[in-house]
Every structure is written in C-alpha cells, then in structure tokens.
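Number of protein chains: 2
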Amino acid sequence: MSVFDRTIRLSLMTLLGVFSSFAFADSGGGQIVHDAEYYVLEAQNGERWNAEDEGLQQRLAELREKFKTPPNIVHIMWDDTAFGDIGIPAIQKVRGFETPSLNQMAREGIMFTRFYTEVGCTPSRAACMTGRHPVRNSMYNIGMLRESHGLRSTEVTIAEVLSDVGYSTAFHGKWHLGDIEESYANNQGFDEAFFTGYNQILSLWTRQGEQANATIGLYEDMLPSDPYKLDDTFVTKAWILALEGKKGEAPREWEDNSYETYMKMDAEAQKRTLEFIERNAKAGKPFYVANWPNMASFMPTLDKVSQGRSLLQDGLQGNVDPFVGRVMAKLKELGIAENTLLVCNADNGPMAHNPPPGCGFTETIFRGGKGDFLEGGVRVPAQAWWPGTIDKGQVVGDIIHEVDLFTTFASLAGALDDVPDDRVIDGVNQTSLLLNGDAHSRRDYVFIYAGPNLGATVKGNYKRHWISPDPIGEASGIPAGFYFLPSDTREKTPMLVNLIHLKSPFNRMRLRHDLWKKKYPDLPERHGIPWQGIQNASPEIQALAKPSVDVSKLPFDPLEYIEHLDELPFDPSLDFDLGE
Amino acid sequence: MSVFDRTIRLSLMTLLGVFSSFAFADSGGGQIVHDAEYYVLEAQNGERWNAEDEGLQQRLAELREKFKTPPNIVHIMWDDTAFGDIGIPAIQKVRGFETPSLNQMAREGIMFTRFYTEVGCTPSRAACMTGRHPVRNSMYNIGMLRESHGLRSTEVTIAEVLSDVGYSTAFHGKWHLGDIEESYANNQGFDEAFFTGYNQILSLWTRQGEQANATIGLYEDMLPSDPYKLDDTFVTKAWILALEGKKGEAPREWEDNSYETYMKMDAEAQKRTLEFIERNAKAGKPFYVANWPNMASFMPTLDKVSQGRSLLQDGLQGNVDPFVGRVMAKLKELGIAENTLLVCNADNGPMAHNPPPGCGFTETIFRGGKGDFLEGGVRVPAQAWWPGTIDKGQVVGDIIHEVDLFTTFASLAGALDDVPDDRVIDGVNQTSLLLNGDAHSRRDYVFIYAGPNLGATVKGNYKRHWISPDPIGEASGIPAGFYFLPSDTREKTPMLVNLIHLKSPFNRMRLRHDLWKKKYPDLPERHGIPWQGIQNASPEIQALAKPSVDVSKLPFDPLEYIEHLDELPFDPSLDFDLGE
Chain W
1 MSVFDRTIRL
11 SLMTLLGVFS
21 SFAFADSGGG
31 QIVHDAEYYV
41 LEAQNGERWN
51 AEDEGLQQRL
61 AELREKFKTP
71 PNIVHIMWDD
81 TAFGDIGIPA
91 IQKVRGFETP
101 SLNQMAREGI
111 MFTRFYTEVG
121 CTPSRAACMT
131 GRHPVRNSMY
141 NIGMLRESHG
151 LRSTEVTIAE
161 VLSDVGYSTA
171 FHGKWHLGDI
181 EESYANNQGF
191 DEAFFTGYNQ
201 ILSLWTRQGE
211 QANATIGLYE
221 DMLPSDPYKL
231 DDTFVTKAWI
241 LALEGKKGEA
251 PREWEDNSYE
261 TYMKMDAEAQ
271 KRTLEFIERN
281 AKAGKPFYVA
291 NWPNMASFMP
301 TLDKVSQGRS
311 LLQDGLQGNV
321 DPFVGRVMAK
331 LKELGIAENT
341 LLVCNADNGP
351 MAHNPPPGCG
361 FTETIFRGGK
371 GDFLEGGVRV
381 PAQAWWPGTI
391 DKGQVVGDII
401 HEVDLFTTFA
411 SLAGALDDVP
421 DDRVIDGVNQ
431 TSLLLNGDAH
441 SRRDYVFIYA
451 GPNLGATVKG
461 NYKRHWISPD
471 PIGEASGIPA
481 GFYFLPSDTR
491 EKTPMLVNLI
501 HLKSPFNRMR
511 LRHDLWKKKY
521 PDLPERHGIP
531 WQGIQNASPE
541 IQALAKPSVD
551 VSKLPFDPLE
561 YIEHLDELPF
571 DPSLDFDLGE
Chain G
1 MSVFDRTIRL
11 SLMTLLGVFS
21 SFAFADSGGG
31 QIVHDAEYYV
41 LEAQNGERWN
51 AEDEGLQQRL
61 AELREKFKTP
71 PNIVHIMWDD
81 TAFGDIGIPA
91 IQKVRGFETP
101 SLNQMAREGI
111 MFTRFYTEVG
121 CTPSRAACMT
131 GRHPVRNSMY
141 NIGMLRESHG
151 LRSTEVTIAE
161 VLSDVGYSTA
171 FHGKWHLGDI
181 EESYANNQGF
191 DEAFFTGYNQ
201 ILSLWTRQGE
211 QANATIGLYE
221 DMLPSDPYKL
231 DDTFVTKAWI
241 LALEGKKGEA
251 PREWEDNSYE
261 TYMKMDAEAQ
271 KRTLEFIERN
281 AKAGKPFYVA
291 NWPNMASFMP
301 TLDKVSQGRS
311 LLQDGLQGNV
321 DPFVGRVMAK
331 LKELGIAENT
341 LLVCNADNGP
351 MAHNPPPGCG
361 FTETIFRGGK
371 GDFLEGGVRV
381 PAQAWWPGTI
391 DKGQVVGDII
401 HEVDLFTTFA
411 SLAGALDDVP
421 DDRVIDGVNQ
431 TSLLLNGDAH
441 SRRDYVFIYA
451 GPNLGATVKG
461 NYKRHWISPD
471 PIGEASGIPA
481 GFYFLPSDTR
491 EKTPMLVNLI
501 HLKSPFNRMR
511 LRHDLWKKKY
521 PDLPERHGIP
531 WQGIQNASPE
541 IQALAKPSVD
551 VSKLPFDPLE
561 YIEHLDELPF
571 DPSLDFDLGE
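First to last, the protein sequences are chains W and G.
Under UniProt numbering, think of the first position of the first sequence as 1, with each following residue one higher.
Under UniProt numbering, think of the first position of the second sequence as 1, with each following residue one higher.
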C-alpha cells in the first residue's frame, strides 16, 4: 500500500467517523473495486449478505444441474419512457396506449419502482455495458452526427466478460456508443452485432426529414443554391446508419442511410435476436443478447396504432411490446424460459425538454426528463422475468441502478473473476434482489451525474441536489435542496429546516465518493476519425479520414480539432493516442 | 314556449349547425333538464342508450326481486388525493403508503381513470349533493371561519331525492357546505347527520394550533396583550366544530371545538355509519349514507403509520383505508354486499399549492392541484364496487363527473321523477357505465370552473384552456391553449397549429353552455348569520346573531355586510332574502 493509498484510506475512515478494521478491496487482488459508499453498507450488512449468498448459489446450482448451462440473459432496453408508463393499466388508459406483453411480464415477475439510469441515451448505454457511471470514462456525451468519439477499447463490456466464460453474445439495435472504430459493438466483445452509432435522429437525417423541415440544411442538393455560401466543409455529407459485423472482423455498412433503411432496422434486429436465441438454445450454449430497439421514427408515421397516436405510445404499443411478447413466447417454445433472465427497461426519462412536436413525451409521475438529475430523468420503468426463479407479481421498492445489471449478469454467469479489478465498478451484485425480492437490494444510494457534474445524490428516501435544477431553486436562495421523496415526488419543495440534519451525512458521502476518485481517476473522452475500418465503405466515408480541403493552403491541421473535443482539459500525460 | 325560449333555442340550433327535430326538455314536464351539450350527444346516441337501458332495467329488476329493496348506496369521499395514488401498488411504493382495502375494492370493481370533480372541497361537496356544478348556485366559495354562507334550502340534495322514495339517509363527517342554518345536513334531507360546517383547518383553530404557530392570533388569551389593539370584534371568537341532528329537529353542538374533539370525530363518524348500515339492513330498509371523513389533522401527529409519514399518506393508510375495509366486511357480513353500491373517491386534487409543511401533498401524474382547472385539480382516484353487478377488475377510460353520482344514485333508486325539473342538472345517468363497463359513459365533456369563471373545457381527449393557468402561457403569447391529453398529461405544451381546427367546435360548445344559462340563470351566494338554530348553543354562539358593538354608536348596520359577501353584483330583482 503506497503512502498515497494510505492517505486516502485514512481520510475516508475519518469521513466515515469509524476506525474499524474493514479494509477496502485492493486493486489487483482479483476483487471488484466498488465505489466507496458500497463498503459502508458492506461493513454493516456483509454477514447477512454472505449468508444469503450461500442460499442463492445453491438455487443457481440446482438450476444449472437441470439445464446444464448457466442462465441465458436477454436485455431489452428502449428509449425515453417515464416510470409509471409501463405495467400499470390505469396509467396506460390515461396515456392512450397498451403494452399487454410488458404488463404480463411485470405481473409474472418483478416490477421495479426505483430503477435508476443515467440521464441520457449514450451514458445509459455505456453504463449498462461497463457497469460504470459514464463520468468515469467520459461517455456522458450524447453522440450526434460526426461526433468523432466513442467507447474506448480499454473499457471492459459485459459482452467481453460473458464471452470469457463461454457465452454467445449478440447486439442488435440502437448502440449509440460512438462512431469511432474501437467503439463498434463487434469490437466491444459481441460475437455478432447489427447496430447504429447514433440515435433515432437518424430518421430525420434523411431526404424525407429535409423535405418536412424536420432537419434543416443537411441535403443541400434539395435546396436552392445559397448565393452566400463560402464553405463546403461545414455540413456533414457522409455517415453510416447501421453496421453489421462479427467479432474480429471489419463490419459492413447495412444498406444505406435512407429513411427506408431506418424504418426496416427494428424488424431486422428483432429477426436476428430471435434467430440468435433459437440457434444457441438448440446448440445448448449459454447466451447473452442485448436488443435495444430504435422503437420509433422521429418522423410521424401514417399509421397510428394507439389512442395516444404519438411517437412514444405507438412505438411502445406497436413495436417494443409485441417484440417482448415474441421473445417470451420463443423462450417458452424452446423450453429455456426457466433458464433465462429477461430484463426490460427504459434508458432514461421522457424527452420532456425540446421534444419533436406531438411526440407523446411528458412527465408521468416524477419531475424532469432526459438530461435531468431529477427523478424524472433517471427513474424508469423496469422489470425482470425469470419463470420459476423470480417470484410472480412482485412490486419492489428497492433502489437498483442499471450499472448493477453488469455485475449481476456477471455473477449469474459465474464470471465475476473476469470483471476488471483495476477500476471502479459502480454496479453491485443484485442477484439477491432478483431471487429474494423486496428489501434485498445491496445499495441504498445513487450518484446522479448530469454530464460531468454531480447533480444529485440519493440515499434511501432522501435526496440532495448539489446544483439547482431550475430558477425556482435559485430564486429561493436555496441552490442545493434536501428532499424527502415519498412526499415530494416532484422535488418541488426543498425542506431545509426539516432535513438539515442530513447536510453533514450527504457531505461525507460525496467526499468519500470524490476521494476514491483520487485513486481511480476519471478518464477523458476518447476521440478519433469517425466510421473507419468498414469493409464496404463508400468513397465519401473513406474521405472522412482525409482533410476536406487542400492542407497546403491551411496554416493548421484540419483534423487536429479531434483531440480537443473533450470538455475536460486535455492532459498529454495520459495514454491518449488518436488512433488512425 | 315564450319568445325568449324560442330565441335561445334557435340560437342553440344555429350553433349546433343542425336543424333536426330534437327538442330540449321543457322544464315542468317532469324531465331532467340537462346541460345543452348532453342533448348533442343524446341526438346522436339516444337510440343505443334506450336499448341499453332496457337491459339495465331488467338486471336491476332481477336484483330487486331477490333483495326486495332497491340497492343501498354508500358514498365515501375523502380529501385532496391525486389520481394514481389509490389502487396502484407501484405508485404507492413510490409514495410510501399502502391502501390494501381500497386496492382490493379497485380489483373487485371499477377503477375510473377519468373521474372529474370540482376544484375544491366546498364546490365538490355541493356538486355531489345537488348534481349541479356549483357555479349554478354559487357554492364555489371554500367556507372558512364565520363564512356566513352555505347551501341554500331551495337546492334539492340527493338525500331529499332518495328520502322521497323511502330511503333512510345519513351523513357523517366533513360536510363543509356552510355555517348557516338552512345549509345544515339535517336540514338538507338527511334523516340523521353528524357533520362539520368547515374543513380540516378546524384542527388548527385550536389552542394547540395557536401554540404551534400553525394558526396565528385566534386565541388572544394565550398571547401577551397587544398594546396597539383597538378593535375587539375583528377576530372570530365563537364557532361550531361539529353538529349532530335529525331531520326536522334543531341540531346540537357535539362536544366542543377543541383539538381533542376534532381528533375523535372520524372514529365517531365511522361508528355511526357502521351502526346505520346494520340498523337499516336488519330493518330491510334501503339506505343511502355519505361518510366523508376528515381523514387527517393539519397538526402533525406523533404516531406515523406509513413510510411516507405525512398527513396524506398516514390519513389514507391509517384512517380511510381501514374504514373502507370495515364497510366492505360489514356489507358482506350482513348479506347485502350484492345489493349495495359502494363509491369511493377523492373530492379534488392534492393541496399542492400552499400546503401545510411536510404534508405529503404533491402532484402525482397530472399537473395542478386543488383550486386548478388543470387535470391535477379535478381528476381524482375513484372506484365503484358492487359485487355481482359491477364486474371485477375493470380499468375504465370513460369520462365521468361527480355530479353524475346524483343522477345515477337517483336512477338506481327509481327516483328520477323526484329530481327537480326547473333547473339544470349537470349530472348524467351513468348506470350503464357501472353495469356495462368501459366505453359506456354518457358524457364526453366536462366544463371546469375555477370559482365563478370557466377555466377549461374537456371534450374527449381534447382540452381547451379559456384562461392561462400560469405565467408560461402568458409569456408564450398563447393565453388559451389547446391540448391533446394522452400525449400531454401535464398540459405543458399547447398545440396551437395541430389543434387549431378545434377552435370553432370549442367555441360552439361554450356558447351553447352559456346560452342555456339565459334560460336557467346561475344563482348568487346564499348568506346568513352563522350557527343559528342550535339547541345547546353557548352564549358566545348565540351572540353571533347580535351586533358585537353598540349599534347606536354606528352610522350603519354591522350585520349588513352579510348581504354583500357574494362576489357577483347583488341583483335586488332576484329572490334573495337574508333569512333570519
């Protein structure tokens, strides 16, 4: 243990107010490095947890005896849905749509009421893949056209962990984890992948989008020529909608980036997922498949299927829900439902701010939406289904975070030893919550980041805002409020007097979290030239790697900007090469 | 038909854009006078409704054959609860409380998802009693200490209607329909009554409230004497907490107006309701009982029963819900559950504005609360239970309004002929909705008044705000917005362009509603001296009828103010005597 380590540890112990003998896991010793807060809980609950774990291992061993493989895992994650919108028929009446299969799944398994995510698509997906809050690897940036960044190759994904213990792995759908080559799903541990680098706005980056004024100025050939135009490099002209590829091979562009291709993607992804399940089930091979649908187009479609008639309601009722039904039916048909964990959740709250018009996004119970550290941004519908192993009809009030899926999946697969031990893994093992139900979570806390900033901290029913979420807070002179969530679900009434006894506990909690980062520092963004290493790359895509103007006429390197994309100060001492 | 009538009728027909042969019901002909909008629906759906009604009458006749009486009716209405808070375990986990009996009631009957009320306690209670929007009789004023107004004697309550056909009737709990003698529950048709004239703030108008600074300056003897005080008449010194009385008799004050008495009231009301049910069941007499609990004290109590620990959650979990469970058990025990309709609902949305601190009131799904014409103000949890007659497990998406209870109860009792035909009855007969379920409502519209002003109109999934609910609306330059409710439950995004085709239909609807008032004008407030006609009135209460200062020293009558309390201009041509 270095002097530096000892200093941190002593500081942490002081902050805890305890000087007992529990030790933090030492990196390199093969044990998962949790966030500091976890150890505070483990010190108090570890004995009970160990006893529970013995029972859990016995149940899982019996299952493995019966099916001859560790459990299969299917993870379906869709976009931007408020907690309450799934699994509750009365709310669905209000919102004008139905999801009979998802509701059946909830009735037959666990409906979580405190499932937390990150605040947006890219960070949420990075969190599921790595078990880490995206602030740790700077994946909080929502990737858009020619973002030139993505998930770095040194991050270890759940696909890599499960591959290590013999799982077949597949990714189908909205990846949204970057447009640089190392971030491609087939380069991040998946045996097979069919994926987008960006999000649903791909449906507007089309000639139809330009025609409808839903996207402005991307297809200049559709517009009268602009007599004032001087710069032909400003607007992006080439990008990839979807790639398909296998582990270890260069991927291929799937069809083109037209609206028609976009609209075919989900059906294709669903077909591939069902085939993947069937193929592996018949081969007796354990599998992990993530199907993260696009769910809907940002261009309104002609056929409305729901009373709510909007993007969200139609997408849930007409697309996601029938697919979930088909997955459950397929698992039963193949006789592997009892050996398969199905987890379905939204990736963050509704796009309540700046949504496309008539989209159906609205706050349902909590205040805030995508992008907010308010509960509405990060508390989503989520459910787990595993007939025979997860008891039916459970409404679970424990806190669980999507990063926990990483650790829990690894645990179920017997792959905890393959989780890296040189970095903080925020995910905790929630196997006991799945198998034992209500009041068996191993976390009572959430750190909620808005981009690189810590926005709020949740501890049990209490929440502290570190920055003010809205002008009301600023005007009241209380920029950081304390909230009691059961009575104030909308975080509208900071209770300074009633809850001020929590000031110091919250401060200690934050300081422990920050101090731990001295040992395990956050990484800056990973940048590169987009859409490289593609087998059938068009000339336009290939041209992205080359300067778009005559370099000899410039006093600077036009690609140099890539290394300065990160909001954090660029630190040349870090291992931060720019790839090809 | 007078010239005036013909003019109105012609105007209405023109507004409708139809010149078909349907006629409005003529007052005096024994038929209920509905609001204009109803006739538009009846003209289009009347034949189907008539056919349905034949089936309904047959089913009710069979029930009457079996039980020998028309159905009993129990109505439990509590305060200030947001739609979503009752009957949905996942939301109750979020909000930190449980209502197992109310949830069981929902599972065994109908959970309404569009049950509308008036915006506040007094108007909501007046609406249930009279089947009329309170704007029609100026009962929109929330009665407070020495309000000197109340429900006028010429209004016909559901208790009077049901008494006419032989029902036993009882009222127990929070009446809040006035402090003038004619408004007392036992003077408004109830055989027996035990009731408050005001609301739960009675719990603060106590020495304990003064001590806690929850009420300021009501008990001057507890305070140091004020050297600047000149007026000894300004602060009210005498009022009644609860009265008990029988029809045709002067009521008695029940105990006193202390905090201890307040805290005993609900238990006493519940005991009386259960005894009333048992007594009438054993006598084979049909009955109607309204138990509208106080639910909670505005002074925090020492014992917390719910995780949410606040006024609302503790009141629902610890008080209202167990009582509903006891009522259902009692009805089953007496063998009359199959012949009894139980309706439970909140009286308006949560007290989200200016609530007592730490009260637990918050918006759950809809925006707005008590006092608002937003959905959050008027769309509440409500359920109906009638084993064997109402099918189990229904989640109903139809619009129903609390005024409909009046007409529906009258219909079930065979008392429609006793409903007055000289005024507008806003309630429609929802027997078909109760017995046939989803998509059988007889209304698709709601007029939502905020005090005397029409705030919004709902038609199906569409809503129009007539006045702007908040500064956002004003600032946007769109003071009157059009909303599509399934996609915008929080009424945050007026869709001017997408919904502007509804401008004229909404205008027509409002004009029909307003024109109909020319024939059936709204009445002004009814005023009088409070707390008269009480058997055991204390000298202080008796003194309320006398001027509190030496009249000979005043240049005016100090009681004259009473006749000017109404916000409407005083119209001497109206029949508006001041009582005693």
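Idealized CB from N, CA, C, for every residue including glycine.
Small disclaimer: the values here were computed from a predicted structure and weren't measured.
When secondary structure is reduced to three states using DSSP, threonine 340 of chain G falls in the strand class. Shown here, valine 165 of chain W sits in coil according to DSSP, grouped into three states, outside any helix or strand.
Taking 9 Å as the threshold, the shortest C-beta distance from valine 396 of chain W to chain G falls below it. Contact of methionine 111 of chain W with chain G is assigned, a C-beta pair being separated by under 9 Å. Taking a Cβ-Cβ threshold of 9 Å, the residues of chain G close to lysine 492 of chain W are Ala352, Thr362 and Glu363, in chain order. Between alanine 450 of chain G and glycine 371 of chain G, the gap from beta carbon to beta carbon is short of 9 Å. Per the C-alpha coordinates, the member of W:Pro356, W:Glu160, W:Ser548 and W:Phe506 positioned closest to glutamate 37 of chain W is W:Phe506. Spatial neighbours of glycine 315 of chain W in its own chain (CB-CB distance under 6 Å, excluding positions within 5 residues in sequence) are listed in chain order as Met295 and Ala296.
With a threshold of 16 other beta carbon atoms within 10 Å, proline 521 of chain W falls short and is exposed. Taking the Cα positions, glutamate 192 of chain G is about 59 Å away from glutamate 52 of chain W. Counting of Cβ neighbours within 10 angstroms places proline 227 of chain W among the exposed residues, the total staying below 16.
Residue-level contact check: serine 487 of chain W touches chain G, since one or more beta carbons of chain G fall below 9 Å from its beta carbon.
Residues of chain G with a Cβ closer than 7 Å to the Cβ of lysine 93 of chain W are, in chain order, Thr113, Val395 and Gly397. Across the set G:Met299, G:Arg272 and G:Pro350, the C-alpha of G:Arg272 shows the shortest separation from the C-alpha of phenylalanine 323 of chain G.
Those residues of the segment 494 to 528 of chain W placed with their C-beta closer than 9 Å to a C-beta in chain G are Met495, Val497 and Asn498, ordered along the chain.
Glycine 197 of chain G places its beta carbon less than 9 Å from that of glycine 178 of chain G.
The segment 356 to 369 of chain W makes no contact with the segment 432 to 449 of chain W; the number of CB pairs closer than 8 Å stays below 3.
Leaving aside the five residues that flank methionine 77 of chain G on each side, the residues in its chain whose CB is nearer than 6 Å to its CB run, in chain order, Trp292, Asn345 and Asp347. Secondary structure at glutamate 244 of chain W: strand, using DSSP grouped into helix, strand and coil. Take the alpha-carbon of glutamate 244 of chain G and the one of histidine 172 of chain G: they are about 9 Å apart. By the Cβ neighbour-count rule, histidine 401 of chain W is buried, with 16 or more other Cβ atoms within 10 Å of its own. When the Cα atoms are used, cysteine 121 of chain W and isoleucine 142 of chain W turn out to be separated by approximately 7 Å. Between leucine 511 of chain W and cysteine 128 of chain W, the C-beta gap is not smaller than 9 Å, which leaves the two residues out of contact. The segment 451 to 460 of chain G and the segment 131 to 146 of chain G touch, with three or more beta-carbon pairs separated by less than 8 Å. At least one C-beta of chain G is nearer than 9 Å to the C-beta of asparagine 461 of chain W.
Fully contained in the segment 361 to 411 of chain W are the following alpha helix (DSSP H) runs of length 4 or more, in chain order: 375 to 378. When rounded, the separation of the alpha-carbon atoms in leucine 331 of chain G and alanine 337 of chain G is 5 Å.
According to the DSSP secondary-structure assignment, valine 446 of chain W is paired through a beta bridge with W:Val458. Cβ neighbours of threonine 236 of chain G within its own chain (closer than 8 Å, five residues either side excluded): Leu145, Arg146 and Leu218.
Listed by position along chain W, the residues whose Cβ is nearer than 8 Å to that of glycine 87 of chain G are Ala90. Around the beta carbon of threonine 389 of chain W, 16 or more other beta carbons sit within 10 angstroms, so the residue counts as buried.
By the neighbour-count criterion, in which a residue is buried when 16 or more other Cβ atoms sit within 10 angstroms of its Cβ, threonine 233 of chain G is exposed. Collapsing the DSSP output to three states places glutamate 98 of chain G in coil. In the three-state reduction of the DSSP assignment, threonine 113 of chain W falls in the strand class. Taking all protein chains shown into account, alanine 537 of chain G has 16 or more neighbouring C-beta atoms within 10 Å of its C-beta and is therefore buried.
Judged by DSSP in its simplified three-state form, tryptophan 175 of chain G adopts coil rather than helix or strand.
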